[in-house]
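Position one of the sequence shown corresponds to residue 0 (numbering that gives the first Met the number 0), numbered consecutively onward.
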Amino acid sequence: MDDNSELDIMLDELLNYFIHVERQTLLLVERGIKDKSELMLAADAYLRTRGVSAESRKRLIDHFSRFIWGYYILEEAINDKDISDIKVLSENNVRIKRKGRRMNADIRFPSKSDYKRFISMVAVKNKTNLSDVNAIQSFTDKESNSNFILRFNIATDFVNSCDVPYLHIRKIPKKKYTIKNLIELNMLDEKTADYLINAASNSSGILFTGKGASGKTTLMNVLLDYIPHDKSGLVIQENEELFSNSHPDMMFQHIVSTHGEGKIQYDLKDLGRNGLLTDLDYFIIGEIKGGEALYLLNASYTGHRCWASVHGMSSTEAFNKLADYVKYESDYSLTDIKRMLIGIKTIVYMKDFKVCEISEVRGMENGEIVYEKILG
0 MDDNSELDIM LDELLNYFIH VERQTLLLVE RGIKDKSELM LAADAYLRTR
50 GVSAESRKRL IDHFSRFIWG YYILEEAIND KDISDIKVLS ENNVRIKRKG
100 RRMNADIRFP SKSDYKRFIS MVAVKNKTNL SDVNAIQSFT DKESNSNFIL
150 RFNIATDFVN SCDVPYLHIR KIPKKKYTIK NLIELNMLDE KTADYLINAA
200 SNSSGILFTG KGASGKTTLM NVLLDYIPHD KSGLVIQENE ELFSNSHPDM
250 MFQHIVSTHG EGKIQYDLKD LGRNGLLTDL DYFIIGEIKG GEALYLLNAS
300 YTGHRCWASV HGMSSTEAFN KLADYVKYES DYSLTDIKRM LIGIKTIVYM
350 KDFKVCEISE VRGMENGEIV YEKILG
C-alpha cells in the first residue's frame, strides 16, 4: 500500500470511522477520560483489521494524528504571527488577513468532502455538535496552540446558501500586546496612549466603538492591565479574548452555549445579572450585542466603572446604539437611558486598527448628550 492515492483513501476511511462510527472514543480522549495513546492504539488496531502493512500503518497514524490534534492544512497559517484571521469559504477558497490586509491564501483542501470532514473534526475536537439545530456555532480553543487563543465561528450548509460550511478563525495572541507595541503598530501615538492609560485608572467608564476587527478588543485587553490593583473587576464576554496575567482581583467569565443537544446555557444577560450581585469596582462587557446592555446601564448608574465595546460609526454615535440595545430590553425612555449612561465618560472610536476619535461626555442638554472631542 505505497501508492499515495491509496493512502489517502485509507486515511479518509480511518477518519470517517472515528468521526462517525467510533466517535465516543475520540470524545473520551478530548475530555481527558482516555489517553491520546489509547486512540492511536485503537486506530492502529482498526488498520490491522483492514490488512494494512506495518509501514503504511505508521504513515497513516502520523497523518491521522496531525489531523486529530492539529488543524490540518491550516496549521501553517495558524502559526504565522502576521496572520490575524483565517476565513474558509469553500474547499478551494481560503482567505487570510495579514497585517490588516485581506488576501487569498495558497491553501486548498483536496476535495469538498475532505473540507467537510475537517469541519466535523474541528467540531468534535472542541466538544461541539454541528447538527441542524446547532448549525451556527462559536467557540474558543485555548489549548492546542502555544502562541494563540483560537476563536472559531462555523456556519454549516444547513443555513448557508451554498453546499459547504463557512469557517472563520480569529487568532488572539496569548502574549498580550503592550502599549509600546500598539504605538509601534501605529494604532495610537504616545500622547493618546498616556490619555488612555489615565482613563483606565480614573475615568468613570470607557466605551470602545467601531466595526468588527477594528482593534477594539486588542486595545481594551492592553488597558485592562492599567486598572489599579486595589480595584476589583469582572469581565464577561462571549468568547475568551480578554484576559490579564497581572491583575490580582479581576474575574473573567464567558457564555456557555448549547454546543450539543443539551439545554445548559448561560448568556451575557445571565452573567451580567450575577455580576451586579458581586463586590466590584469595574464592570466590563467584552462586546455588547443585545439585552446585556441593560446590566451595563444598571452597573454604571450604581457607581461602577463600566467598560464595553459596541459597533458604531463614530465616537458620538456609539451611545445611540447602546441606548437602542437598552430600550429593547426595558421600558425606559431613550432620554432616561441616556441620562443613566452618562457615567460612561470616555468614548474611543477605532477604524482599521487605529484610534481615530476620542470624545468625552460632558452632560445632557435638552435630552441629548453633550460631547467634547478630545481627538479626531
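Just so it is clear, CB atoms sit at the ideal spot from N, CA and C, and this is done for glycine as well.
Serine 308 places its beta carbon 9 Å or farther from that of methionine 339.
Here DSSP, grouped into helix, strand and coil, assigns serine 89 to strand.
By the neighbour-count definition (other C-beta atoms within 10 Å, threshold 16), valine 158 is an exposed residue. The criterion of a C-beta distance shorter than 9 Å is satisfied by lysine 175 and asparagine 220. Here the stretch 338-358 makes contact with the stretch 311-322; the two share three or more CB pairs at distances below 8 Å. For glycine 274, the uninterrupted alpha helix (DSSP H) run begins and ends at 267-274, by DSSP.
Sequence-distant Cβ neighbours of leucine 181 in its own chain, meaning closer than 8 Å and more than five residues away, are Leu187, Ala192, Thr217, Leu218 and Val221. In the structure shown, valine 28 falls within a helical segment according to DSSP collapsed to helix, strand and coil. C-alpha of lysine 230 to C-alpha of glutamate 90: approximately 49 Å in a straight line. Residue burial is scored here from C-beta neighbours: arginine 65 has fewer than 16 other C-beta atoms within 10 angstroms and is therefore classed as exposed. Shown here, serine 202 sits in coil according to DSSP, grouped into three states, outside any helix or strand.
Counting C-beta pairs with one atom in each stretch, the stretch 103-113 and the stretch 68-77 have three or more that are closer than 8 Å, which means they touch.
Measuring C-alpha to C-alpha distances from asparagine 319 to each of Ile368, Leu275, Glu291 and Lys268 identifies Ile368 as the nearest. Glutamate 239 sits in coil when the DSSP states are folded into three classes, being neither helix nor strand.
Taking C-alpha positions only, tyrosine 194 is separated from isoleucine 178 by approximately 12 Å. Per the C-alpha coordinates, the member of Trp68, Glu240, Asp7 and Asp43 positioned closest to valine 28 is Trp68. Pairwise C-beta distances place the stretch 197-213 in contact with the stretch 343-351, as three or more of them are shorter than 8 Å. Restricting attention to Leu233, Glu237, Ser243 and Ile235, the CA atom closest to the CA of aspartate 224 is found in Ser243. Straight through space, the alpha carbons of leucine 25 and lysine 124 are spaced by roughly 8 Å. Checking the DSSP bridge columns, you'll see valine 255 partnered with Tyr265. Residue range 53-68 is occupied by the alpha helix (DSSP H) that includes isoleucine 60. Taking a contact as a CB-CB distance under 8 Å, the pair tyrosine 281 and isoleucine 226 counts as one, their CB atoms being some 6 Å apart.
Cα atoms of histidine 246 and glycine 232: separation of roughly 9 Å, rounded to the nearest angstrom. Beta bridge pairing from DSSP links alanine 307 with Leu206 and Ile284.
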